[in-house]
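S.K.: Below are the structure tokens for one structure; questions will follow.
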Amino acid sequence: MIKNHIETACTCFLFFAICTFALPGLTAESSGFISSVDWMETQRRHRLVPEGDIWWAETGQQMAWMHKNVHQLFPTVNVYRSGPVKLIEKSLNSEIDDFLVGTVGGDIPFAEFVSSDVTTTLGLLVLHEGEIVFESYPRMQSYEKPIYWSVAKVMPATLIRMFEERGLVDVNRDVEYYIPELASSDFAGIKIRNILDMTTGLDCQDEYIDRQSCYYQYSMAIGDGFREDDAPDNPYDFLRTLKVSKHADQGEIFSYSGVNTFVLSWLIEKITGEPFQDTFTREIWGKIGAESDASFLAYRYGIAVTHGGFLSNMRDMARFGLLFTPSYSKVADKRIISEETIDLLLNKPNPNLIREDGSHNGYQWDYIDSDGFMVKGGWGGQALIVNPVLDIVAVYTSYFKDDYSQQNLRTPLLSLLHQIYLGR
Numbered sequence: 095m096i097k098n099h100i101e102t103a104c105t106c107f108l109f110f111a112i113c114t115f116a117l118p119g120l121t122a123e124s125s126g127f128i129s130s131v132d133w134m135e136t137q138r139r140h141r142l143v144p145e146g147d148i149w150w151a152e153t154g155q156q157m158a159w160m161h162k163n164v165h166q167l168f169p170t171v172n173v174y175r176s177g178p179v180k181l182i183e184k185s186l187n188s189e190i191d192d193f194l195v196g197t198v199g200g201d202i203p204f205a206e207f208v209s210s211d212v213t214t215t216l217g218l219l220v221l222h223e224g225e226i227v228f229e230s231y232p233r234m235q236s237y238e239k240p241i242y243w244s245v246a247k248v249m250p251a252t253l254i255r256m257f258e259e260r261g262l263v264d265v266n267r268d269v270e271y272y273i274p275e276l277a278s279s280d281f282a283g284i285k286i287r288n289i290l291d292m293t294t295g296l297d298c299q300d301e302y303i304d305r306q307s308c309y310y311q312y313s314m315a316i317g318d319g320f321r322e323d324d325a326p327d328n329p330y331d332f333l334r335t336l337k338v339s340k341h342a343d344q345g346e347i348f349s350y351s352g353v354n355t356f357v358l359s360w361l362i363e364k365i366t367g368e369p370f371q372d373t374f375t376r377e378i379w380g381k382i383g384a385e386s387d388a389s390f391l392a393y394r395y396g397i398a399v400t401h402g403g404f405l406s407n408m409r410d411m412a413r414f415g416l417l418f419t420p421s422y423s424k425v426a427d428k429r430i431i432s433e434e435t436i437d438l439l440l441n442k443p444n445p446n447l448i449r450e451d452g453s454h455n456g457y458q459w460d461y462i463d464s465d466g467f468m469v470k471g472g473w474g475g476q477a478l479i480v481n482p483v484l485d486i487v488a489v490y491t492s493y494f495k496d497d498y499s500q501q502n503l504r505t506p507l508l509s510l511l512h513q514i515y516l517g518r
């Protein structure tokens, strides 16, 4: 009897030892999945999220963690994938790895630069002719779904352009023609094209210091940041009665504001009768062979934060970028973004928005140059870069160091792409 108890105890101990020490390793090896953070660290990071001020203004490692884990912190609404995954082939280009980048410590190869402490790169992906030519995830896992902040702004603008081509919206009309709720707002009389180009002339620029400012009040209404007890309940009601001063006539001066982006997504909802994210699913995300679902931040009432709340893995973000290139067929069964749209973006800007270097902005893109590079940046160090002429897509995400000493990726990346694919 004693022998049987001893044998049973030994068996149980052995089973416990295997489960405790062996199975986690075996499970990780067999699945190929590597957790991005341990469970205690996750709880610690949650407790560090500020509650009495703008949460995303944190810097350093806390910002890095939050950029990859927004979905844990706040409500989101889904953007759904559909159909077979469209695989993206790899054809790595060693010229990119070896391209020398100037730093305070001297020139170093680009691949080393991205992984070094000089930058805060979480992940970077470059495609040429629909194939991956560079891919690096120095501070994240490839499956993670980071936030892209203001890169999201081109998504409502892209849908508006698609509807424009179908005759569902005329961008030369005043916005209240489609959104009568704005008839008593200072948005009344503003043409949709000027909302697309960030040239409304209204004093509602992005502002995160003065809590009485137009933009801060909008931000509180949608729930993006610190919210006071008497803040506007929601952005729709806030905009219905908006009264602000003007700094210019519409169409004259570029003036950046996420409010413009929200109005565009509201317009899409008025046209379709459904939440913005569902239209984005049906018209775009469900047609690009995405690997996984995506999402938008939606703090209040399920209202998507379209001015800067999109989350997806990086390869899927690159699939979206491919729609603007000749290699769209690598991910979509048919052209979604027309050649006419590409021509409009590259060659038909508002003349008032052409800069001294010949670049311009339009349809929510920050920067479009004569070489075909189109850039949409995101606060905190994100960007989507597409070049329909050279058939290039690049996506990256990063964060701010506590002392803001990180070297931005945009300048060396654009320099690299110009030199390798343009020869200058």
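Each residue of the sequence shown is one higher than the last, beginning at 95 in the working numbering.
Built from N, CA and C at the ideal position, the CB exists for glycine as well.
1) Out of Ser279, Leu438, Ile273, which one is the CA nearest neighbour of Lys337?
2) Give a yes or no on whether the minimum CB-CB distance between Pro445 and chain B is below 8 Å.
3) Could you give the residue range of the alpha helix (DSSP H) that holds Gln371?
4) By the three-class DSSP mapping on this structure, what secondary structure does Glu223 have?
5) Scan the region 223–289 and note each continuous alpha helix (DSSP H) run of 4 residues or more that stays entirely inside, going in chain order.
6) Measuring alpha carbon to alpha carbon, tell me which residue in Phe281, Ala477, Ala315 is nearest Glu270.
7) Counting along the chain, where does the alpha helix (DSSP H) carrying His454 start and finish?
8) Using C-beta distances below 6 Å, list every residue in its chain close to Asn288, excluding the 5 sequence neighbours before and after it, in chain order.
9) Ends of the beta strand (DSSP E) at Ile182?
10) Grab me the residues of Asp304's own chain with a C-beta within less than 7 Å of its C-beta, minus the 5 sequence neighbours each way, in chain order.
11) For Phe115, which of helix, strand or coil comes out of DSSP?
12) So Ile273 and Val263 are supposed to be a Cβ contact under 8 Å. How far apart are they, rounded?
13) Take Ile448 and list the residues in its own chain whose beta-carbon comes closer than 7 Å to its own, dropping the five residues that flank it on each side.
14) Please report the distance separating the alpha-carbon of Ser421 from that of Glu223.
15) Please state whether DSSP places Ser130 in a helix, a strand or coil.
16) Would DSSP call Met408 helix, strand or coil?
17) Tell me the residue span of the beta strand (DSSP E) that contains Lys495.
18) Between which two residues does the alpha helix (DSSP H) carrying Tyr200 extend?
19) Could you check the C-alpha separation between Lys424 and Trp379 for me, to the nearest Å?
20) Skipping 5 residues on each side, what residues in its chain have a beta carbon closer than 7 Å to that of Tyr237?
21) Alpha carbon to alpha carbon, what distance is there between Ala277 and Asn502?
22) Could you tell me which residues DSSP pairs with Ala342 in its beta bridges?
23) Give the range of the beta strand (DSSP E) segment to which Asn163 is assigned.
24) In angstroms, rounded to a whole number, what distance separates the CA positions of Arg260 and Ser349?
25) I'd like the span of the alpha helix (DSSP H) that includes Asp191, first residue to last.
26) Hey, is the region 451–465 in contact with the region 243–253, meaning 3+ C-beta pairs nearer than 8 Å?
27) Gly317: buried (16+ other C-beta within 10 angstroms of its C-beta) or exposed?
28) Any idea what DSSP makes of Phe320, helix, strand or coil?
29) Excluding the 5 residues preceding and the 5 following Thr366 in the sequence, name in chain order all residues of the same chain whose CB lies nearer than 7 Å to its CB.
30) Let me make sure I understand the geometry here. Which of Gly154, Thr153, Pro240 has the alpha-carbon closest to that of Gln166?
31) Once you ignore the five residues that flank Val220 on each side, which residues in its own chain have a CB closer than 6 Å to its CB?
32) Flag this pair as touching only if the region 197–207 and the region 478–486 have three or more C-beta atom pairs under 8 Å; answer yes or no.
33) Name the two residues that bound the continuous beta strand (DSSP E) containing Ser391.
M.R.: Per the coordinate set shown:
1) Here the question's residue 337 lines up with position 243 in the sequence shown. It is Ser279 whose Cα lies nearest to the Cα of Lys337.
2) Any reference to chain B falls outside this structure, which holds one protein chain only.
3) Against the sequence shown, residue 371 aligns to sequence position 277. Where Gln371 is concerned, the enclosing alpha helix (DSSP H) stretches over 370–377.
4) As a position in the sequence shown, residue 223 is number 129, starting the count at 1. The answer is coil: DSSP assigns Glu223 none of H, G, I, E or B.
5) The region 223–289 contains these whole alpha helix (DSSP H) runs: 248–259.
6) Locating residue 270 in the sequence shown gives position 176, counting from the first residue. The residue with the shortest Cα to Cα distance from Glu270 is Phe281.
7) Indexing the sequence shown from 1 puts residue 454 at position 360. For His454, no alpha helix (DSSP H) segment is defined; the enclosing uninterrupted segment is the beta strand (DSSP E) at 454–456.
8) Taking the sequence shown and counting its residues from 1, the one referred to as residue 288 is at position 194. Excluding residues within five positions, the ones whose Cβ falls inside 6 Å are Thr294, Gln344, Gly345.
9) One-based indexing of the sequence shown puts residue 182 at position 88. Counted as a single uninterrupted DSSP element, the stretch harbouring Ile182 is not any beta strand (DSSP E), since DSSP gives it neither H nor E.
10) Locating residue 304 in the sequence shown gives position 210, where the first residue counts as 1. Around Asp304: Tyr310.
11) As a working mapping, residue 115 is identified with position 21 in the sequence shown. Residue placement at Phe115 is poorly supported in this model, since its pLDDT is 40, which falls under 50; the coordinates are not used for a value here.
12) Residue mapping note: residue 273 aligns to position 179 of the sequence shown, counting from 1. Residue mapping note: residue 263 aligns to position 169 of the sequence shown, counting from 1. 11 Å between Cβ atoms; not a contact.
13) In the sequence shown, counting from the first residue as 1, residue 448 sits at position 354. The answer, listed in chain order, is His454.
14) To locate residue 421, count along the sequence shown from 1; it is residue 327. To locate residue 223, count along the sequence shown from 1; it is residue 129. Their Cα atoms are separated by approximately 6 Å.
15) Here residue 130 is taken as the residue at index 36 of the sequence shown, counted from 1. Three-state result, Ser130: coil.
16) If you number the sequence shown from 1, residue 408 lands on position 314. Judged by DSSP in its simplified three-state form, Met408 adopts helix.
17) Numbered from 1 along the sequence shown, position 401 holds the residue referred to as residue 495. Taken as a continuous stretch (DSSP letters only), Lys495 belongs to no beta strand (DSSP E), as it is neither H nor E.
18) Within the sequence shown, the letter at position 106 stands for residue 200. Looking at the sequence provided, one finds Gly at residue 200 rather than Tyr. Residue range 200–203 is occupied by the beta strand (DSSP E) that includes Gly200, with no alpha helix (DSSP H) assigned at that position.
19) Walking along the sequence shown from the start, residue 424 turns up at place 330. Walking along the sequence shown from the start, residue 379 turns up at place 285. Each residue's alpha carbon lies about 14 Å from the other.
20) As a working note, residue 237 is residue 143 in the sequence shown. For Tyr237, where only same-chain residues beyond five positions count, the Cβ hits under 7 Å are Asn407.
21) Here the question's residue 502 lines up with position 408 in the sequence shown. Here the question's residue 277 lines up with position 183 in the sequence shown. Taking the CA atoms as reference points, Asn502 sits about 42 Å from Ala277.
22) To locate residue 342, count along the sequence shown from 1; it is residue 248. In the DSSP output, where bridge partners are listed per residue, Ala342 has none listed.
23) Indexing the sequence shown from 1 puts residue 163 at position 69. Annotation: Asn163 is outside any beta strand (DSSP E); the continuous alpha helix (DSSP H) that includes it extends over 154–167.
24) As a first step, residue 260 is located in the sequence shown; it is residue number 166 there, counting from the start. As a first step, residue 349 is located in the sequence shown; it is residue number 255 there, counting from the start. Separation of Arg260 and Ser349 (C-alpha to C-alpha, rounded to the nearest whole angstrom) is 28 Å.
25) If you number the sequence shown from 1, residue 191 lands on position 97. Counting along the chain, the alpha helix (DSSP H) containing Asp191 begins and ends at 188–192.
26) With three or more CB-CB distances shorter than 8 Å, the region 451–465 counts as touching the region 243–253.
27) Within the sequence shown, residue 317 is the residue found at index 223, counting from 1. Residue environment analysis places Gly317 among the buried positions, since at least 16 neighbouring C-beta atoms fall within 10 angstroms of its C-beta.
28) Within the sequence shown, residue 320 is the residue found at index 226, counting from 1. In this structure, Phe320 counts as coil in the three-state DSSP scheme.
29) Here residue 366 is taken as the residue at index 272 of the sequence shown, counted from 1. Within the same chain, Thr373 come within 7 Å of Thr366 by CB-CB distance, once the 5 residues on both sides are set aside.
30) Here residue 166 is taken as the residue at index 72 of the sequence shown, counted from 1. Minimum Cα-Cα distance from Gln166 among the listed residues Gly154, Thr153, Pro240 corresponds to Pro240.
31) On the sequence shown, residue 220 is found 126 positions in, with the first residue counted as 1. If we look at Val220 and ignore the five residues flanking it on each side, its Cβ neighbours are Val227, Phe228, Ala488.
32) Contact fails: fewer than three Cβ-Cβ distances are below 8 Å.
33) For the purposes of this step, residue 391 is identified with residue 297 of the sequence shown, where counting begins at 1. Per the sequence shown, residue 391 should be read as Leu rather than Ser. Leu391 -> beta strand (DSSP E) spans 388–391.
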